[in-house]
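Before any comments, here is the structure.
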Amino acid sequence: KNQVEQSPQSLIILEGKNCTLQCNYTVSPFSNLRWYKQDTGRGPVSLTIMTFSENTKSNGRYTATLDADTKQSSLHITASQLSDSASYICVVTRYSSASKIIFGSGTRLSIRP
Amino acid sequence: GAGVSQSPSNKVTEKGKDVELRCDPISGHTALYWYRQRLGQGLEFLIYFQGNSAPDKSGLPSDRFSAERTGESVSTLTIQRTQQEDSAVYLCASSLVDIGGLGNTEAFFGQGTRLTVV
Numbered sequence: 001k002n003q004v005e006q007s008p009q010s011l012i013i014l015e016g017k018n019c020t021l022q023c024n025y026t027v028s029p030f031s032n033l034r035w036y037k038q039d040t041g042r043g044p045v046s047l048t049i050m051t052f053s054e055n056t057k058s059n060g061r062y063t064a065t066l067d068a069d070t071k072q073s074s075l076h077i078t079a080s081q082l083s084d085s086a087s088y089i090c091v092v093t094r095y096s097s098a099s100k101i102i103f104g105s106g107t108r109l110s111i112r113p
Numbered sequence: 114g115a116g117v118s119q120s121p122s123n124k125v126t127e128k129g130k131d132v133e134l135r136c137d138p139i140s141g142h143t144a145l146y147w148y149r150q151r152l153g154q155g156l157e158f159l160i161y162f163q164g165n166s167a168p169d170k171s172g173l174p175s176d177r178f179s180a181e182r183t184g185e186s187v188s189t190l191t192i193q194r195t196q197q198e199d200s201a202v203y204l205c206a207s208s209l210v211d212i213g214g215l216g217n218t219e220a221f222f223g224q225g226t227r228l229t230v231v
């Protein structure tokens, strides 16, 4: 069954600290993996994308990693800011003649001053 | 328009009434998705349209929910005999379908329709 699971479900850290969010997937065949950020009351917005051959992708303070062998991805946030408070959603696209995008349920991150 | 447009942005309805939610995808996007997001929860898949293929309805929670899409344009999500448990934000997303399989498939989201059943 094609699934995307994220952990932790929620996380609270102090401003300035680092954190890492996890994503495990069973989607096959694999095409690409994206991390989305969803601010409260807004639709999700893409942060990074990685295809099968990519291990790491950075976007400012956000760094995503991908291990296609173990089917795991992580999103590392460095020097967190209050504006990082949001839900982070892992999304995997399945390779097929009609691509289908499978969403994780997200990690809710709260940054405390 | 440049992005995915959803209407209405907010809808308050009485229990038992029917509601219709609308999604205008980005022009040229053949794939369209509906998701539900309850307060403080993650995205819950409802239905997926891909071109003229039969839609994937596996996420619809009950037969009170239905959705239509004409070709590669507007989609409507209809909820009949609404219940309080239907209260949520309904998000629509669209994407290009990369039939090559290794491309840059990004789902673009609308702002959502906040449905409140009272």
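Protein chains in written order, with my numbering: chain A, 1 to 113; chain B, 114 to 231. The C-beta atom is built at its ideal place from N, Cα and C for all residues, glycine as well. Quick caveat: nothing in here was measured; it's all calculated off a predicted structure.
Cβ-Cβ distance between residue i and residue j below 8 Å
| i | j | result |
| --- | --- | --- |
| B/Leu156 | A/Gly106 | yes |
| A/Arg108 | A/Ser83 | no |
| A/Ile12 | A/Arg34 | no |
| A/Pro29 | A/Lys37 | no |
| B/Thr191 | B/Ser122 | no |
| A/Arg42 | B/Gln119 | no |
Proximal residues to residue i (C-beta, below 7 Å), its chain only, five neighbours per side dropped
| i | result |
| --- | --- |
| A/Thr93 | Ser31, Asn32, Ser99 and Ile101 |
| B/Ala201 | Arg149, Gln150, Arg151 and Leu228 |
| B/Gln196 | Lys128 and Val230 |
| A/Pro8 | Thr107 |
Nearest neighbour of residue i, chosen from the options [CA to CA]
| i | options | result |
| --- | --- | --- |
| B/Gln193 | B/Arg177, B/Ala206 and B/Ser207 | B/Arg177 |
| B/Pro138 | B/Lys128, B/Tyr161 and B/Ser188 | B/Ser188 |
| B/Ser166 | B/Pro174, B/Gln154, B/Ser175 and B/Glu181 | B/Glu181 |
| B/Val132 | B/His142, B/Ser118 and B/Ser179 | B/Ser179 |
| B/Ala220 | B/Lys130, B/Leu145, B/Ser186 and B/Val231 | B/Leu145 |
| B/His63 | B/Gly225, B/Thr226 and B/Thr218 | As displayed, chain B neither begins before 114 nor continues past 231, which places residue 63 of chain B out of reach and without an answer. |
| A/Ser110 | A/Lys17, A/Val4, A/Asn59 and A/Thr26 | A/Lys17 |
| A/Val4 | A/Arg42, A/Tyr95 and A/Gln22 | A/Gln22 |
| A/Lys1 | A/Ser58, A/Thr26 and A/His76 | A/Thr26 |
| A/Asp39 | A/Thr51, A/Gly104 and A/Ile89 | A/Ile89 |
| B/Phe158 | A/Val91, A/Tyr95, A/Pro113 and A/Ser46 | A/Val91 |
| B/Ala115 | B/Pro174, B/Lys130, B/Asp169 and B/Ser140 | B/Ser140 |
| A/Gly103 | B/Pro168, B/Gly184, B/Thr183 and B/Gln154 | Note that residue 103 of chain A corresponds to Phe in the displayed sequence, not to Gly. The residue with the shortest Cα to Cα distance from A/Phe103 is B/Gln154. |
| B/Thr183 | B/Ser208, B/Lys130 and B/Pro168 | B/Pro168 |
| A/Asp69 | A/Ser53, A/Gln81 and A/Tyr95 | A/Ser53 |
| B/Ser186 | B/Ser208, B/Lys170 and B/Pro174 | B/Ser208 |
| A/Ser96 | B/Gly172, B/Gln163 and B/Lys130 | B/Gln163 |
Same chain, Cβ closer than 6 Å to residue i, five either side skipped, listed in chain order
| i | result |
| --- | --- |
| A/Thr56 | Thr65 |
| A/Asn24 | Glu5 and Gln72 |
| B/Asp199 | Ile192 and Val230 |
| A/Thr78 | Asn18 and Arg61 |
| A/Pro113 | Glu15 |
| A/Ser74 | Thr20, Gln22 and Thr65 |
| A/Asn114 | This structure cannot speak to residue 114 of chain A, because chain A is shown only from 1 to 113. |
| A/His76 | Thr20 and Thr63 |
| B/Leu134 | Leu190, Tyr203 and Thr226 |
Contact with chain D by residue i, beta-carbon distance below 8 Å
| i | result |
| --- | --- |
| B/Ser208 | Considering every chain present, this structure includes no chain D. Its protein chains are A and B. |
Residues near residue i by beta carbon distance below 8 Å, same chain, minus five either side
| i | result |
| --- | --- |
| B/Phe222 | Val117, Leu204, Cys205 and Ala206 |
| B/Thr126 | Val132, Thr195, Leu228, Thr229, Val230 and Val231 |
| B/Leu173 | Leu159, Ile160, Ser179 and Ala180 |
Anything in the region 36-50 of chain A with a Cβ closer than 9 Å to a Cβ of chain B? List those residues in chain order, please.
Tyr36, Gln38, Gly41, Arg42, Gly43, Pro44, Val45, Ser46 and Ile49
Give, in chain order, every residue of the region 165-178 of chain B whose Cβ lies closer than 8 Å to some Cβ of chain A.
Within the region 165-178 of chain B, contact with chain A at the beta-carbon level (separation under 8 Å) is assigned to Ser166 and Asp169.
At 3 residues or longer, and completely inside the region 59-108 of chain A: list those beta strand (DSSP E) runs for me, N to C.
62-67, 72-77, 86-94 and 100-103
Could you list the residues in the region 150-162 of chain B with a C-beta less than 9 Å from some C-beta on chain A, going in chain order?
Gln150, Gly153, Gln154, Gly155, Leu156, Glu157, Phe158 and Tyr161
Quick one: which residues of the region 131-148 of chain B get their C-beta closer than 8 Å to a C-beta of chain A? List them in chain order.
Within the region 131-148 of chain B, Ala144, Tyr146 and Tyr148 place their CB atoms closer than 8 Å to a CB of chain A, listed in sequence order.
Suppose only complete runs of 4+ residues qualify. What are the alpha helix (DSSP H) ranges in the region 114-194 of chain B, listed by chain order?
none
Contact residues within the region 183-205 of chain B, judged by C-beta distance below 7 Å to chain A
Leu204
Output, in sequence order along the chain, the residues in the region 217-228 of chain B whose CB is closer than 7 Å to any CB in chain A.
Asn217, Thr218, Glu219, Ala220, Phe222, Gly223, Gln224 and Gly225
Name, going along the chain, the residues of the region 6-23 of chain A whose beta-carbon falls closer than 7 Å to a beta-carbon of chain B.
none
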